[in-house]
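Working notes, beginning with the structure itself.
Residue numbers (my numbering): 83 to 533.
Next comes the structure, spelled out in structure tokens:
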């Protein structure tokens, strides 16, 4: 197929140039949920890639990308086949990992610091830059945790494991085998995995580098060192003052492969690819189930006695480890970020479409109704729009910004946050001191109690 592309580069370019520069807008059928962001990152083309880019972010519509493929029509005349995909955030080839961190990941760190569960997944075809992205994000997380700018004293512990099929290994103990077992409370424990205390940034960097050296890789047609397992970095942040802890998961998923990429490697590699694809499919079902539960809650659609969505976390070792992230009945606040990494080259147009299609399936959109009046009786039933109206009317001086305190949350989701988290958000606003943050939080709770 690559030879066909090479022979028709000029034809492809002429067909792309003839396209309408302002295509029909992609109409979204709702708004994304507040607790999950699905993004895509387009890797820059390398100098040795001979084929042009098939990935074209729209200048006329944010977060929409067009994929143009050249089809070898039976008539003998190549034709263009186009698809468009939409995500919550789209990072172009000129975007840096630092841009991604500031936009998506920076808020996960204080969220976990204050007792929440933050999870980052990086997914994509081998060679799309996901391991590169996660490695740099881990360094930036380490800098944020250790620079002393977060409020309060915490103890930090790190565990890094490797999942290959249904087997699990501790990457910080020379890749020794571990067991995944449920305790009496239904929580999956990583039996045999060592939790390492982290005292400074150098400690954390050393642990990450050590784990990387034991990561399972293997050559494929696209990448001589493709990740053939799921690497899970768990950072536990313990608050000695109240005995609570927050969790931050940074997950580099195994490179997704098509059968053609592993066909030359025999039955073992085909079996490996099948196990990877099965675990990714289960992960998709779990993420969607959790997002659907969150969306139903934000729109106040839950009914007395209504069954919660089924989350098939037991079907994969990966999702068993992350069960508490997906549990719709869980009491802890969770946020999830997904980064779908794609190759821009025309040669990779098939896997790129599969990756973006997977990303779109993770997006669960809620109703896009535009309710601006505070016509609901209870504050816990407020939409994000109504909540922002109340914040603007009670913001004080200096102003507490609605976009910082409740960027996406509904009333129910905001009241589910801890007092520490609400005060932290208030203090992120310019000029706001702790006393004003506490007064605002108190007024917010009083309004909730009265309503």
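Beta carbons are placed, not taken as given, at the ideal position from N, Cα and C, and that holds for glycine.
Chain-order list of residues whose beta-carbon lies under 7 Å from that of residue i (same chain, five-residue window excluded)
i: residue 488; result: 466, 469, 470, 473 and 496
i: residue 252; result: 243, 258, 260, 274, 275 and 276
i: residue 269; result: 406
i: residue 510; result: 486
i: residue 100; result: none
i: residue 95; result: 134
i: residue 520; result: 505
i: residue 93; result: 160
i: residue 107; result: 143
i: residue 484; result: 470, 473 and 474
i: residue 525; result: 476
i: residue 83; result: none
i: residue 183; result: 219 and 222
i: residue 478; result: 518 and 522
CB contact flag (residue i, residue j, <8 Å)
i: residue 192; j: residue 152; result: no
i: residue 319; j: residue 328; result: yes
i: residue 272; j: residue 241; result: yes
i: residue 167; j: residue 517; result: no
i: residue 398; j: residue 360; result: yes
i: residue 149; j: residue 434; result: yes
i: residue 498; j: residue 375; result: no
i: residue 529; j: residue 461; result: yes
i: residue 370; j: residue 486; result: no
i: residue 114; j: residue 170; result: yes
i: residue 464; j: residue 492; result: yes
i: residue 236; j: residue 195; result: yes
i: residue 364; j: residue 120; result: no
i: residue 118; j: residue 401; result: no
i: residue 143; j: residue 337; result: no
i: residue 162; j: residue 97; result: yes
i: residue 422; j: residue 205; result: yes
i: residue 224; j: residue 254; result: no
i: residue 362; j: residue 335; result: yes
i: residue 439; j: residue 116; result: no
i: residue 86; j: residue 130; result: no
i: residue 278; j: residue 289; result: yes
i: residue 283; j: residue 352; result: no
i: residue 190; j: residue 200; result: yes
Rounded Cβ spacing between residue i and residue j (contact assumed at less than 8 Å)
i: residue 403; j: residue 219; result: Between residue 219 and residue 403 the Cβ distance is about 19 Å, and since that is not below 8 Å, they are no contact.
i: residue 431; j: residue 122; result: Actually they are not in contact, since the Cβ atoms of residue 431 and residue 122 sit about 15 Å apart, beyond 8 Å.
i: residue 250; j: residue 226; result: Not quite, the Cβ-Cβ distance comes to about 28 Å (not below 8 Å), so this is no contact.
i: residue 222; j: residue 180; result: 7 Å
i: residue 90; j: residue 156; result: Not really, about 15 Å apart at Cβ, beyond 8 Å.
i: residue 424; j: residue 210; result: 6 Å
i: residue 366; j: residue 245; result: Not really, about 16 Å apart at Cβ, beyond 8 Å.
i: residue 234; j: residue 321; result: 7 Å
Same chain, Cβ closer than 6 Å to residue i, neighbours up to 5 away in sequence not counted
i: residue 408; result: 368, 372, 393 and 395
i: residue 426; result: 124, 127, 135 and 137
i: residue 314; result: 243 and 333
i: residue 317; result: 240 and 330
i: residue 296; result: 253 and 257
i: residue 280; result: 238, 240 and 286
Nonlocal neighbours in the same chain, by C-beta distance under 8 Å from residue i, ignoring five residues either side
i: residue 523; result: 501, 504, 505 and 508
i: residue 105; result: 140, 142, 148 and 166
i: residue 174; result: 124 and 139
i: residue 164; result: 101, 148, 149, 150 and 151
i: residue 265; result: 271
i: residue 512; result: 480
i: residue 580; result: The shown model of the chain, from 83 to 533, leaves out residue 580, and the question about it has no answer.
i: residue 176; result: 126
Using a Cβ distance threshold of 8 Å, determine whether the stretch 207 to 221 contacts the stretch 251 to 262, with at least three qualifying pairs required. no
Item to complete: Enumerate, from N- to C-terminal direction, the unbroken alpha helix (DSSP H) stretches of 4 or more residues contained entirely within the stretch 209 to 279.
Response: 212 to 228
| message | Closer than 8 Å is the cut-off here; do at least three beta carbon pairs connect the stretch 125 to 140 with the stretch 420 to 440? | response | yes
What runs of the alpha helix (DSSP H), each 4 residues or longer, lie entirely inside the stretch 457 to 530? Within the stretch 457 to 530, the complete alpha helix (DSSP H) runs of at least 4 residues are 466 to 475, 484 to 487, 493 to 497 and 501 to 509.
Can you check the stretch 88 to 123 for any alpha helix (DSSP H) of at least 4 residues that lies completely inside it and give the ranges in chain order? 91 to 99
#### Entry: Segments of 3+ residues assigned as beta strand (DSSP E) that fall wholly inside the stretch 416 to 448
416 to 424
Practice item. Report the residue ranges of all beta strand (DSSP E) runs contained in full by the stretch 132 to 162; include only those spanning at least 3 residues, in chain order. Key: 137 to 139 and 146 to 153
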